[in-house]
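Read top to bottom, the protein sequences are chains A and B. Heads up: the first sequence at position 117 corresponds to 117 in this note's numbering, and the numbers run straight through without jumps. Just add 119 to wherever you are in the second sequence, counting from 1, and you've got this note's numbering. Cβ atoms here follow ideal geometry from the backbone N, Cα and C, with glycine treated the same way. These figures come from a predicted structure and were not determined experimentally. Taking it in order: structure first as structure tokens, then the write-up.
Protein chains: 2
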Amino acid sequence: MKTQEALRALSALAQEHRLSIFRLLVTAGPNGLSAGEIARLTSISPASLTFHMKELDRGGLVRSWRAGRTIRSALEVETMRGLVTFLTEDCCAGRADLCGGDLMSARQACCQLDGVLND
Amino acid sequence: MKTQEALRALSALAQEHRLSIFRLLVTAGPNGLSAGEIARLTSISPASLTFHMKELDRGGLVRSWRAGRTIRSALEVETMRGLVTFLTEDCCAGRADLCGGDLMSARQACCQLDGVLND
DNA sequence: TAAATATTTCAAGAATTGTTGAAATAAGAG
DNA sequence: CTCTTATTTCAACAATTCTTGAAATATTTA
Numbered sequence: 001m002k003t004q005e006a007l008r009a010l011s012a013l014a015q016e017h018r019l020s021i022f023r024l025l026v027t028a029g030p031n032g033l034s035a036g037e038i039a040r041l042t043s044i045s046p047a048s049l050t051f052h053m054k055e056l057d058r059g060g061l062v063r064s065w066r067a068g069r070t071i072r073s074a075l076e077v078e079t080m081r082g083l084v085t086f087l088t089e090d091c092c093a094g095r096a097d098l099c100g101g102d103l104m105s106a107r108q109a110c111c112q113l114d115g116v117l118n119d
Numbered sequence: 120m121k122t123q124e125a126l127r128a129l130s131a132l133a134q135e136h137r138l139s140i141f142r143l144l145v146t147a148g149p150n151g152l153s154a155g156e157i158a159r160l161t162s163i164s165p166a167s168l169t170f171h172m173k174e175l176d177r178g179g180l181v182r183s184w185r186a187g188r189t190i191r192s193a194l195e196v197e198t199m200r201g202l203v204t205f206l207t208e209d210c211c212a213g214r215a216d217l218c219g220g221d222l223m224s225a226r227q228a229c230c231q232l233d234g235v236l237n238d
């Protein structure tokens, strides 16, 4: 995952409504939920929901498809996995332990960085 | 970490300048960097930097202190660790594997959720 | 095809976020 | 105490984000 993709995913999650939509879709599994179900369960108006679903889509966090006369959306699992990897491995590269990453590999990477760090 | 704290941390990271400041501070370690150094290294104007450092502070991602006539800022490590935990354990609760979390414990949790999920 | 349901589009307006340069504040150096 | 360096504050403005209700579109049902 590149920085720009990560920024779009982070922006998508950094909003109250969208975070709750996201968490709802986590529990919904691969079949997802229809827009109407999401709107009802989160008390977001239809027009506003369309706006937020687009942002989640732009962030690569959901995928949507038509099913009859409803639009269903489900989590794009790999993106979330990629974001956590970005935060722990790429974003905090060489110091993955700082972000909850693996301590052993982080320690090795840190040793290589020792000369670069300014303190 | 509560949802509102996570939202502030996510919002703080969801901006190009702030993400690059964050990544700079990852490499800087506990002594941090002065505002001037950050401004020079990232090409952000002083006034704009003040604005963004406040957002990072609001997100709990950095802490700042005066050292002589400079202000130094360093990473607030625990918040980043907490955010990754939030994303993997709390946000994706019961499906931590979706976010790159531990597969074993995720599978156990999923079994308990099976009856609740709607597909 | 007409009616009903589900969702999107659109434009207007409100709210929030980000940038800028000039002036203000804080601290060390002469 | 004055000068210089480092940073913040502020107000104005631009840009982006979010909400709203009304109208438009797509699909199924009668």
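Would you decide whether glycine 100 of chain A is buried or exposed? Buried here means 16 or more other CB atoms lie within 10 Å of its CB. Buried is the call here.
So, helix, strand or coil for leucine 61 of chain A, using DSSP? DSSP places leucine 61 of chain A in coil when its eight states are reduced to three.
In the DSSP assignment, the alpha helix (DSSP H) including alanine 35 of chain A goes from what residue to what residue? Under the DSSP assignment, alanine 35 of chain A falls in the alpha helix (DSSP H) whose first and last residues are 35–42.
Is the distance from the Cβ of valine 196 of chain B to the Cβ of leucine 75 of chain A below 8 angstroms? Not a contact, by the Cβ cut-off of 8 angstroms.
Does the beta carbon of arginine 107 of chain A sit closer than 8 angstroms to a beta carbon anywhere in chain B? Residue placement at arginine 107 of chain A is poorly supported in this model, since its pLDDT is 39, which falls under 50; the coordinates still yield a value, given next. Closer than 8 angstroms: no.
For alanine 12 of chain A, count the other beta carbons within 10 Å of its own beta carbon; 16 or more makes it buried, fewer makes it exposed. Which is it? Burial call: buried.
For phenylalanine 86 of chain A, collect the residues of the same chain with a Cβ closer than 7 angstroms to its Cβ; drop the 5 residues on either side in sequence, then sort them by chain order. Answer for phenylalanine 86 of chain A: Met1 and Ala6, listed in chain order.
Evaluate threonine 169 of chain B with the Cβ neighbour count: other Cβ atoms within 10 Å of its Cβ, from every protein chain shown; 16 or more gives buried, anything less gives exposed. Under the 10 Å beta carbon count, threonine 169 of chain B is surrounded by fewer than 16 other beta carbons and is classified as exposed.
For chain A, is any of its Cβ atoms less than 8 angstroms away from the one on leucine 180 of chain B? Judged by the 8 angstroms Cβ criterion, leucine 180 of chain B is not in contact with chain A.
Neighbour flag for threonine 207 of chain B against chain A, beta carbons, 8 angstroms: Chain A, which has a Cβ nearer than 8 angstroms to the Cβ of threonine 207 of chain B, makes this yes.
Please list the terminal residues of the continuous alpha helix (DSSP H) segment that includes leucine 19 of chain A. For leucine 19 of chain A, the enclosing alpha helix (DSSP H) covers residues 16–28.
Does glutamate 174 of chain B pass the burial test, meaning 16 or more other C-beta atoms within 10 Å, or should it be called exposed? Result: buried.
If you run the structure through DSSP and keep just helix, strand and coil, what is serine 130 of chain B? Helix, per DSSP.
Contact defined as beta carbons within less than 8 angstroms: I believe threonine 79 of chain A pairs with alanine 9 of chain A. What is the distance between those atoms, to the nearest angstrom? The beta-carbon distance between threonine 79 of chain A and alanine 9 of chain A, rounded to whole angstroms, is 6 angstroms. This is short enough to meet the 8 angstroms contact definition.
So which residues on chain B does glycine 100 of chain A lean against when the C-beta distance must stay under 9 angstroms? Simply Met199, Arg200, Gly201, Leu202, Val203, Thr204 and Thr207.
Have a look at A:Leu19, A:Gly36, A:Leu61 and A:Gly59 and flag the residue whose alpha-carbon is nearest the alpha-carbon of threonine 70 of chain A. For the options A:Leu19, A:Gly36, A:Leu61 and A:Gly59, the alpha carbon positioned closest to that of threonine 70 of chain A is the one of A:Gly36.
What residue range does the beta strand (DSSP E) around leucine 194 of chain B cover? Where leucine 194 of chain B is concerned, the enclosing beta strand (DSSP E) stretches over 189–194.
With isoleucine 157 of chain B and leucine 143 of chain B assumed to form a contact (beta carbons below 8 angstroms), what rounded beta-carbon distance in angstroms separates them? That belief holds up - the Cβ atoms of isoleucine 157 of chain B and leucine 143 of chain B are roughly 6 angstroms apart, short of 8 angstroms.
Please classify arginine 214 of chain B: does DSSP put it in a helix, a strand, or coil? Residue state, collapsed to three classes: coil.
Of all Cβ atoms in chain B, is any one closer than 8 angstroms to the Cβ of arginine 95 of chain A? So yes, arginine 95 of chain A belongs to the interface.
Between threonine 161 of chain B and chain A, is the shortest Cβ-Cβ distance under 8 angstroms, so that the two count as touching? No - not a single Cβ of chain A is within 8 angstroms of the one on threonine 161 of chain B.
Taking just the CA atoms, how far does glutamine 4 of chain A sit from aspartate 119 of chain A? Legend: pLDDT at aspartate 119 of chain A = 27, less than 50; position of this residue unreliable, value from coordinates given subsequently. Pairing aspartate 119 of chain A with glutamine 4 of chain A, the inter-Cα distance amounts to about 30 angstroms.
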